[in-house]
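A.B. asks:
Protein chains: 2
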Amino acid sequence: MAKIKENKQASTEEKIKEAARKVFTQKGYAATRTRDIAEEAGLNLALLNYYFRSKEKLFEMIMKEKMQQLFGVMTHLLNDKATTLDQKVEQIVSNYIDMLMQNPDLPLFVLSEIRNNTGMFRQLQVGKLIRNSHFVKQLKERQPGLQPLHFIVSMLGMVVFPFVSKPVFQSLEVLSEDSFAEMMKQRKVLVPKWMKAMLKVK
Amino acid sequence: MAKIKENKQASTEEKIKEAARKVFTQKGYAATRTRDIAEEAGLNLALLNYYFRSKEKLFEMIMKEKMQQLFGVMTHLLNDKATTLDQKVEQIVSNYIDMLMQNPDLPLFVLSEIRNNTGMFRQLQVGKLIRNSHFVKQLKERQPGLQPLHFIVSMLGMVVFPFVSKPVFQSLEVLSEDSFAEMMKQRKVLVPKWMKAMLKVK
DNA sequence: GTCTATACAAAGATAGAC
DNA sequence: GTCTATCTTTGTATAGAC
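Here the protein sequences come in this chain order: A and B. Going from the first sequence to the numbering used here is simple: count from 1 and add 130. Going from the second sequence to the numbering used here is simple: count from 1 and add 130.
So this is what it looks like as structure tokens:
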């Protein structure tokens, strides 16, 4: 599915979007100035309002993209009838870590922005999708005593929390950039093993 | 250590600080307007600058308080020579959950603000404190093959991530306020068990 | 110490030339 | 489509009366 027009240099519109992605995810909506975005794009401030009506409209567009990115990783895996529970966990963990290594600011960005604007998620039907998923069904079979949400939150926490807390551990000087990458690589193997062990508890 | 003056109504200075705590932790520095704080305190805007020199100074004061609160929970427990590793985990998990139930916005607040201002943590000597702790020593003895940081990040993730991701799960309509409280109560018991099981893996 | 009114600065949006 | 210059709004800080 290649683009029809594939210019060497991105279009102005795309330059703005790319700059907006970077600045918004790094600093958050409120701390971002439209001037930052224009500068990052190497363009004039007026062009932002020419292509997108306002800061808010531009933000909403980026936000939708980012939420899609964050949930898209797992939604189709959840309903794969062909895989076992353990295989699903392996795939979700591995895919998430790969994606987040490419987008380390993504989780904190989405989590912070949702705080002030809870309505933003309503449109996505992810909630129903999770509740009715094959994954949740398999979970209930394996461990009837455990609330599926406990397991899901734990699994995602194992994967996402390192990215969210990275700045803290780095400034505490207990973690370098390299050792973080190494750690996340190890987690691809460790987390699924841990989750298996957890399901046997009690 | 009771205060000498304990007036029925808080002093103006304390009213401002209390309002600032609330608004800053809910919305973050950039999204907070000094007018919000004044209004929340039921006071005039000019008083903020009378008692604290600027928005930034007021923020720094609150931020120091909040970081103290976040780390204070565990620092003394880490070096308790009288407790076993398992007991330390139980205590840290339990204390953290209790404290965070009272301050649910705290983690996301600190994590977001640190992102833009990494230097803020340098002053705290928490890094060294962790590395040299009795807790880490016990961890290394129990499971020489496992990086202590893996364990610490996992443990904190199990406890903190639910608070950070709560707004998401709530807007996905898979979690109510009541069931969240119930879930965290269960986690006081579950997380230590899980951590024990994880230490046996591999 | 507390308030009202206002100055000043920063940031978003737009007009109009090219 | 892109730019410079400018208007407008919003938010922080201060002056000065009480």
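Cβ atoms here follow ideal geometry from the backbone N, Cα and C, with glycine treated the same way. Fair warning: this is a prediction, and the values are worked out from it, not measured in the lab.
1) Determine, using beta carbons only, whether A/A149 comes closer than 8 Å to chain B.
2) In angstroms, rounded to a whole number, what distance separates the CA positions of A/Q232 and B/E143?
3) Do the segment 156-165 of chain A and the segment 229-245 of chain A touch if we need at least three Cβ pairs shorter than 8 Å?
4) In three-state DSSP terms, what is B/G158?
5) With 16 as the cutoff for other CB atoms within 10 Å, does B/G249 come out buried or exposed?
6) With a threshold of 8 Å between beta carbons, is B/V223 in contact with chain A?
7) How would you list, in chain order, the residues of chain A whose beta-carbon sits under 7 Å from the beta-carbon of B/E303?
8) Which residues, taken in chain order from the segment 230-246 of chain A, show a beta carbon closer than 7 Å to some beta carbon of chain B?
9) For A/V319, count the other beta carbons within 10 Å of its own beta carbon; 16 or more makes it buried, fewer makes it exposed. Which is it?
10) In the DSSP assignment, find the unbroken alpha helix (DSSP H) run with B/M229 in it and report its ends.
11) Beta-carbon within less than 8 Å of B/P322's beta-carbon, same chain only, minus the 5 sequence neighbours each way: which residues are those?
12) Chain B beta carbons: is any one of them nearer than 8 Å to that of A/K196?
13) Are the segment 176-194 of chain A and the segment 178-196 of chain B touching by the rule of at least three beta carbon pairs closer than 8 Å?
14) Go to A/K270, then tell me how far its alpha helix (DSSP H) extends in each direction, as first and last residue.
15) Please report whether the beta-carbon of B/K306 lies at a distance below 8 Å from any beta-carbon of chain A.
16) With B/S284 as the anchor, note down where its alpha helix (DSSP H) starts and where it stops.
17) By DSSP, does B/A168 sit in helix, in strand, or in coil?
18) Return helix, strand or coil for B/N247, following the three-state DSSP convention.
C.D. replies: The relevant details are as follows:
1) no
2) 46 Å
3) Taking one beta carbon from each stretch, the segment 156-165 of chain A and the segment 229-245 of chain A have 3 or more pairs nearer than 8 Å; the two touch.
4) coil
5) exposed
6) no
7) G257
8) L238, L241, S242, I244, R245, N246
9) exposed
10) 215-232
11) D216, V219, E220, V223
12) A/K196 does not count as touching chain B.
13) no
14) 264-272
15) Per the sequence shown, residue 306 of chain B should be read as Ser rather than Lys. No, no contact with chain A.
16) B/S284 -> alpha helix (DSSP H) spans 278-301.
17) helix
18) coil
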